[in-house]
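Read through the structure below, which is laid out as structure tokens, and then see the notes.
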Amino acid sequence: VQELPCLQCGLSILKAQEKYNTIFFWGKVFGQSSDYYVAYGLKDPEFEFPAKTFYYAGEDFEFKPMPKLNQEQAAKVLQLGIEKPFGGADGKSIEAAVEGEEEAPPADDADPEAEGASQKPKKLTEADRLAQVVQEIDFDTAVVPKGAHVLSENHTIVSSTDFKGLGATEATALSKYVHFRPPVSIAALRALARSDAEFYANFLDPLEADLPKGCWAVRQDPSASLVTLRSLCWPGYIAYHIPGTTKYGGMYFGYAQKSKDLPFML
Numbered sequence: 105v106q107e108l109p110c111l112q113c114g115l116s117i118l119k120a121q122e123k124y125n126t127i128f129f130w131g132k133v134f135g136q137s138s139d140y141y142v143a144y145g146l147k148d149p150e151f152e153f154p155a156k157t158f159y160y161a162g163e164d165f166e167f168k169p170m171p172k173l174n175q176e177q178a179a180k181v182l183q184l185g186i187e188k189p190f191g192g193a194d195g196k197s198i199e200a201a202v203e204g205e206e207e208a209p210p211a212d213d214a215d216p217e218a219e220g221a222s223q224k225p226k227k228l229t230e231a232d233r234l235a236q237v238v239q240e241i242d243f244d245t246a247v248v249p250k251g252a253h254v255l256s257e258n259h260t261i262v263s264s265t266d267f268k269g270l271g272a273t274e275a276t277a278l279s280k281y282v283h284f285r286p287p288v289s290i291a292a293l294r295a296l297a298r299s300d301a302e303f304y305a306n307f308l309d310p311l312e313a314d315l316p317k318g319c320w321a322v323r324q325d326p327s328a329s330l331v332t333l334r335s336l337c338w339p340g341y342i343a344y345h346i347p348g349t350t351k352y353g354g355m356y357f358g359y360a361q362k363s364k365d366l367p368f369m370l
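In the working numbering, the protein residues as written are 105 to 370.
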């Protein structure tokens, strides 16, 4: 019962501390003993995409910056191949302890002098695993209606003032939704590099190109006032759009486990 007001309070404090105009609630990752709440903020871009910074909190609702992993650390998290749900203790090491080696203390309790004396690489923690999987989920989802954002003449991504919402019929078409992320498809990259105005709305990767085919389920409620898109790759992610309005969004609630058998089920 207290979850919603506590979450709203935590997000308001985060917004004020980090000086964001708007803070976004990303979702909730379920844990065995404690859950993680994830939020993010967007900074005005200097070129192309705005910087998305993630934050997380436990059940104390005190948000702190998500660890920023380099490619080597992210690859190491993936190599560990952890399938079990999160435990809920962000400072706990996720690497197997070497025989005869004591487990490193949580980051908050670490001795600075001892850190300086030791050159051993920092062990990966559950917070690092959370950062990796949140980035992976966000890359595969982050759904927005096509046309909601445009590429400005300064080559930055901005909200479109001309976007009034998708029509009731087109809102149910998967082709009318895109990923709000730096594009990876050749067609979108070419559009992003062009300076022609006609390409300013075609620079994002479309959902209909996602693999495996059929990994998105589009539903319209009986009143036709709401359209939802559910990810079958990441059960727990849902995006929504109210046709004829500028209201849209997405959220994740789940165990952060990808449906790896999906290609064999479709």
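For glycine and all other residues, C-beta sits at the position ideal for the given N, C-alpha and C.
Item                                                                                              : Value
Nearest-angstrom Cα separation, counted from G185 out to K156                                     : 26 Å
Whole-angstrom C-beta distance between T245 and S335, which should lie under 8 Å                  : 6 Å
With 16 other Cβ atoms within 10 Å as the buried cut-off, status of T126                          : exposed
Within 7 Å, strictly: CB atoms of C85 and F158                                                    : This structure leaves residue 85 out entirely; the chain is present only between 105 and 370.
Burial state of R233 (16 or more Cβ within 10 Å)                                                  : buried
Straight-line Cα distance separating L228 from T350                                               : 41 Å
Buried or exposed (CB count within 10 angstroms, at least 16 for buried), M369                    : exposed
Exposure of N306, with buried meaning 16 or more beta-carbon neighbours within 10 Å               : buried
According to DSSP, residues forming a beta bridge with W320                                       : S335
Paired residues, beta bridge with I261 - DSSP                                                     : L255
Sufficient close CB pairs (3 or more, under 8 Å) joining the region 247-259 to the region 274-284 : yes
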